[in-house]
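Participant: The letter at position 271 of the sequence shown is residue 271 when you use my numbering, and the numbering goes up by one with no holes. Beta carbons: idealized from backbone N, C-alpha and C, even for Gly.
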Amino acid sequence: MPRIGVMFDRDHAPEELPAYAVAAEGIGVDDLWLVEDLGWAGSVSSAALALAATSRIRVCIGIAPVPLRNPALLAMELATLARVYPGRVVAGLGHGVTDWMRQVGEERKSKLALLEESIVAVRGMLLGETVTLDGREVHLDGVGLVHPPSVVPPIVTGVVRPRSLELSGRVADGTILAEGNGPEQIAAALGHIRRGGAGAAHELITFVYLHVNDDPANAAEVTGELVAAQAQWLGIPQGELFTLIGPARDIPAGIQALTDAGAGTIVLRPLGPDPIGQTRIARAALGGSVTPAEPPSMTDSRARIREALVDAARELTVMRGWEDVRMADVAKAAGVSRQTLYNEFDGRAGLAEALAVREIRVFVSGVHRHLAAHGAEARAAAHAAILFALEEADRNPLVRAILTSGRGGADELLPYLTTRADIVFDAAGDVIREWAAEHLPGVAPGTVDVAADVVVRLTVSHIVLPTGPRADAADVLAGVFVRLLT
1 MPRIGVMFDR DHAPEELPAY AVAAEGIGVD DLWLVEDLGW AGSVSSAALA LAATSRIRVC
61 IGIAPVPLRN PALLAMELAT LARVYPGRVV AGLGHGVTDW MRQVGEERKS KLALLEESIV
121 AVRGMLLGET VTLDGREVHL DGVGLVHPPS VVPPIVTGVV RPRSLELSGR VADGTILAEG
181 NGPEQIAAAL GHIRRGGAGA AHELITFVYL HVNDDPANAA EVTGELVAAQ AQWLGIPQGE
241 LFTLIGPARD IPAGIQALTD AGAGTIVLRP LGPDPIGQTR IARAALGGSV TPAEPPSMTD
301 SRARIREALV DAARELTVMR GWEDVRMADV AKAAGVSRQT LYNEFDGRAG LAEALAVREI
361 RVFVSGVHRH LAAHGAEARA AAHAAILFAL EEADRNPLVR AILTSGRGGA DELLPYLTTR
421 ADIVFDAAGD VIREWAAEHL PGVAPGTVDV AADVVVRLTV SHIVLPTGPR ADAADVLAGV
481 FVRLLT
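Quick look at the structure:
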């Protein structure tokens, strides 16, 4: 089941929020989402009220317009909330409604640059960095937080157009889609988000109208005006707007359709009277109980950033070759500052090692699968595993990039397959020993160690300097391996 959230509508008075938050938590929802629109309640102060009134649910800002807040002030506000309520804050940011930003004199020339630079700057400060950024819209000179949070809150964006969706995929931890978007629109949005570089950890959040009512005519009377306005804003016929308006029995199928399309968090926006009662009915219709995820630790936050950096390095290496990959380009592609990159990897050599280690581990897991598929048939298992290694090395764009990179520098990637190949030998040797222990219990461990070491070295040698057809090499090497085992 996806995360299920509920929205506190902007038309509710601020003094109603604490009781609403307590009731939502009691129902068993995962998230409470707060709106910030010009003239209504402020999202950061509202989040503070909701967090203080509850003990479990995530409280999510959806969304704060970046033209209204200097990144330093926003980072200070978010850090305070995140320190007091670790793992329970989500920061939603967006461009802001153009007419409203113009109304308050905050319309910017480059909305895309402002949003991207704000995210990079805020995240850097939340990570404890001293941020210097002279961008198109954001200018900071050595600004840092005295009290950064131990758990960095996710930064998500509420955006609509393709270029903004790609931006979100490039620098944000998640993307919010507005009410009315159904499975088809979610799939299209995900395409843009992934083109921006988003990985599996990117959270896709969709808002959806909820009105539980068995009477279609009455439901249309209650919701029709708002639904018509939203359809017009999205530029689609009203009948195509995706909603959960109707009988409670239809809710599970609607939630499933959004989930199947890729939504990881679904936020209910109740329309009409008794929003908590409607949410309770919807929650009951879904069945079971929501088990809240453990709040992310600082380790989780850094792991997410580290993964994004390695992903970016991999993509750039495949495109250019490692010798032409600049650290500044990796940081930009991952949506973080250069200081964050250097903090994580301590330079180019550290990033090279992390990239090689991850790729090799994925590579070796395929070797393990092919060994296991043939059980105790040692020659067949060895042949399949070696042939896989040789063919995968030829197919794998990063391995090809490694083999075509320059070979002069101490931090080049090629040595991880040759002179500094302990990672390869250890990982491949481990899977061979594991397979042999299960399927060849009569072979002495020392014998397995020797056979594994020899065949891994010979296979790596053939990957780096192939001498003939891969199938022939696999057959020869499998024969060597079997002879060493006997």
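For N213, I'd like the list of residues in its chain whose CB is within less than 6 Å of its CB, leaving aside the five on either flank, ordered along the chain.
Facilitator: For the purposes of this step, residue 213 is identified with residue 213 of the sequence shown, where counting begins at 1. Taken in chain order, the residues that qualify are A219.
Participant: Compare the beta carbon distance of A223 and G254 with 8 Å and say whether it is the shorter of the two.
Facilitator: For the purposes of this step, residue 223 is identified with residue 223 of the sequence shown, where counting begins at 1. For the purposes of this step, residue 254 is identified with residue 254 of the sequence shown, where counting begins at 1. In the sequence as displayed, the identity of residue 223 is Thr instead of Ala. No, Cβ-Cβ distance for T223 and G254 is not below 8 Å.
Participant: If L268 sits next to V208, beta carbons under 8 Å apart, how far is it from one beta carbon to the other, in whole angstroms?
Facilitator: If you number the sequence shown from 1, residue 268 lands on position 268. If you number the sequence shown from 1, residue 208 lands on position 208. Going by Cβ atoms, the distance from L268 to V208 rounds to 6 Å, so yes, they are a contact pair.
Participant: Which same chain residues, not among the five before or five after R10, have their C-beta less than 6 Å away from its C-beta?
Facilitator: The residue you call residue 10 lines up with position 10 of the sequence shown. Closer than 6 Å at the Cβ level, and outside the excluded window around R10, lie V35, D37 and W40.
Participant: Buried or exposed: where does M319 fall if 16 or more other Cβ atoms within 10 Å of its Cβ makes it buried?
Facilitator: One-based indexing of the sequence shown puts residue 319 at position 319. Exposed, since its Cβ has fewer than 16 Cβ neighbours within 10 Å.
Participant: In whole angstroms, what separates the C-alpha of V143 from that of T54?
Facilitator: Residue numbering aside, residue 143 sits at position 143 when the sequence shown is read from its first letter. Residue numbering aside, residue 54 sits at position 54 when the sequence shown is read from its first letter. Cα-Cα distance, rounded: 32 Å.
Participant: May I ask which residues mark the beginning and end of the beta strand (DSSP E) holding I386?
Facilitator: The count along the sequence shown starts at 1 and reaches residue 386 at position 386. Segment A378 to R395 is the alpha helix (DSSP H) holding I386; no beta strand (DSSP E) there.
Participant: State the Cα-Cα distance for the pair P292 and V22, rounded to the nearest angstrom.
Facilitator: As a working mapping, residue 292 is identified with position 292 in the sequence shown. As a working mapping, residue 22 is identified with position 22 in the sequence shown. Low confidence applies to P292: its pLDDT is 38, below 50, so where it sits in the model is not reliable enough to give any reading.
Participant: Tell me the residue span of the beta strand (DSSP E) that contains L127.
Facilitator: Stepping through the sequence shown from its first residue, residue 127 is reached at position 127. Element bounds for L127: n/a, residue is neither H nor E.
Participant: Using beta-carbon positions only, say whether A91 and I57 come within less than 8 Å of one another.
Facilitator: Indexing the sequence shown from 1 puts residue 91 at position 91. Indexing the sequence shown from 1 puts residue 57 at position 57. Going by C-beta atoms, A91 is not nearer than 8 Å to I57.
Participant: Can you list the beta strand (DSSP E) stretches of 3 or more residues lying completely in the stretch 76–104, in chain order?
Facilitator: Complete beta strand (DSSP E) runs here, min 3: 89–94.
Participant: Out of E107, E225, E117 and V364, which has the shortest C-alpha to C-alpha gap to L74?
Facilitator: Position 74 of the sequence shown holds residue 74. It is E117 whose Cα lies nearest to the Cα of L74.
Participant: Is the beta carbon of A331 closer than 8 Å to that of V367?
Facilitator: Along the sequence shown, read from residue 1 onward, the residue named residue 367 stands at position 367. Along the sequence shown, read from residue 1 onward, the residue named residue 331 stands at position 331. Cβ distance not < 8 Å, so V367 and A331 don't count as in contact.
Participant: By Cβ distance, which residues of its chain are closer than 7 Å to L190, with the 5 residues on each side in sequence left out?
Facilitator: Translated into the one-based positions of the sequence shown, residue 190 becomes position 190. Same-chain partners within the cutoff: L204 and G262.
Participant: Using the three-state DSSP reduction, which class does A64 fall into: helix, strand or coil?
Facilitator: What you label residue 64 is simply residue 64 of the sequence shown in a count that begins at 1. Strand at A64.
Participant: Report yes if the C-beta distance between L114 and V66 is below 8 Å; otherwise report no.
Facilitator: Within the sequence shown, residue 114 is the residue found at index 114, counting from 1. Within the sequence shown, residue 66 is the residue found at index 66, counting from 1. Closer than 8 Å, so yes.
Participant: Name, in chain order, the residues that DSSP records as bridge partners for G335.
Facilitator: Within the sequence shown, residue 335 is the residue found at index 335, counting from 1. In the DSSP output, where bridge partners are listed per residue, G335 has none listed.
Participant: Helix, strand or coil for T317 per DSSP?
Facilitator: Residue 317 sits at position 317 when you count from the first residue of the sequence shown. Looking at T317 - three-state DSSP - the assignment turns out to be helix.
Participant: Terminal residues of the continuous beta strand (DSSP E) containing L140?
Facilitator: Sequence index remark: in the sequence shown, residue 140 carries index 140 (1-based). Per DSSP, L140 belongs to the beta strand (DSSP E) from H139 to V143.
Participant: How long is the line joining the alpha carbons of L244 and M101, rounded to whole angstroms?
Facilitator: Within the sequence shown, the letter at position 244 stands for residue 244. Within the sequence shown, the letter at position 101 stands for residue 101. If you take the alpha carbons of L244 and M101, they lie about 32 Å apart.
Participant: May I ask you to verify whether the stretch 3–20 touches the stretch 234–252, counting CB pairs closer than 8 Å and requiring at least 3?
Facilitator: At 8 Å Cβ cutoff, the stretches do not touch.
Participant: Quick one, which of R304, V456, L68 and L49 has its alpha-carbon nearest A385's?
Facilitator: Start at 1 with the first residue of the sequence shown, and residue 385 comes out as number 385. It is V456.
Participant: What's the call for H211, buried or exposed, on a 16-neighbour Cβ count within 10 Å?
Facilitator: As a working mapping, residue 211 is identified with position 211 in the sequence shown. By the neighbour-count rule (16 or more Cβ atoms within 10 Å), H211 is buried.
Participant: Kindly give me the distance between the Cβ atoms of R195 and G158, rounded to whole angstroms, as I take these residues to be in contact under 8 Å.
Facilitator: Taking the first residue of the sequence shown as position 1, residue 195 is located at position 195. Taking the first residue of the sequence shown as position 1, residue 158 is located at position 158. 19 Å between Cβ atoms; not a contact.
Participant: Pick out whichever of I119, E184 and E225 has its Cα sitting closest to the Cα of A257.
Facilitator: Taking the sequence shown and counting its residues from 1, the one referred to as residue 257 is at position 257. Nearest option by C-alpha distance: E184.
Participant: Quick test of your reading: A352 and V310, contact by CB under 8 Å. State the CB separation rounded to the nearest angstrom.
Facilitator: Translated into the one-based positions of the sequence shown, residue 352 becomes position 352. Translated into the one-based positions of the sequence shown, residue 310 becomes position 310. Their Cβ separation, rounded to whole angstroms, is 10 Å, which puts A352 and V310 out of contact at 8 Å.
Participant: Among V480, A64 and E106, which residue has its Cα nearest to the Cα of G94?
Facilitator: Position 94 of the sequence shown, counted from the first residue, corresponds to residue 94. Per the Cα distances, A64.
Participant: In the DSSP output, what is T206 paired with across the bridge?
Facilitator: Locating residue 206 in the sequence shown gives position 206, counting from the first residue. DSSP, once it has assigned bridges, lists L177 and I266 as partnering T206.
Participant: By Cβ distance below 8 Å, which residues in the same chain neighbour R108 in space, the five residues on each side in sequence not counted?
Facilitator: Numbered from 1 along the sequence shown, position 108 holds the residue referred to as residue 108. Within the same chain, R108 has close Cβ partners P67, M101, L114 and E137.
Participant: Over the uninterrupted alpha helix (DSSP H) stretch that includes L484, give me the two end residues.
Facilitator: Looking up residue 484 in the sequence shown gives position 484. Taken as a continuous stretch (DSSP letters only), the alpha helix (DSSP H) holding L484 covers R470 to L485.
Participant: Applying the criterion that 16 or more other CB atoms from any shown protein chain within 10 Å of the CB defines a buried residue, is R163 buried or exposed?
Facilitator: Position 163 of the sequence shown, counted from the start, is the residue given in the question as residue 163. By the 10 Å Cβ count, R163 comes out exposed.
Participant: Do V480 and L458 come within 8 Å of each other at the CB atom, strictly closer than that value?
Facilitator: Counted from its first residue, the sequence shown places residue 458 at position 458. Counted from its first residue, the sequence shown places residue 480 at position 480. Result yes, Cβ atoms of L458 and V480 sit closer than 8 Å.
Participant: Under 8 Å Cβ to Cβ from D449, same chain only, skipping five residues before and after it: list those, please.
Facilitator: Here the question's residue 449 lines up with position 449 in the sequence shown. Once the five neighbours on either side are set aside, the close Cβ partners of D449 are G429 and R433.
Participant: In angstroms, rounded to a whole number, what distance separates the CA positions of R120 and H383?
Facilitator: Here the question's residue 120 lines up with position 120 in the sequence shown. Here the question's residue 383 lines up with position 383 in the sequence shown. In the sequence under discussion, the amino acid at residue 120 is Val, which differs from the Arg named in the question. Those two C-alpha atoms are separated by around 48 Å.
Participant: Can you check DSSP and say which residues form a bridge with G158?
Facilitator: Residue 158 sits at position 158 when you count from the first residue of the sequence shown. Note: G158 sits in a beta bridge opposite I176.
Participant: Taking a contact to mean a Cβ-Cβ separation below 8 Å, would you say L387 touches A452 in this structure?
Facilitator: Residue 387 sits at position 387 when you count from the first residue of the sequence shown. Residue 452 sits at position 452 when you count from the first residue of the sequence shown. Their beta carbons are not under 8 Å apart, which means L387 does not touch A452 by this criterion.
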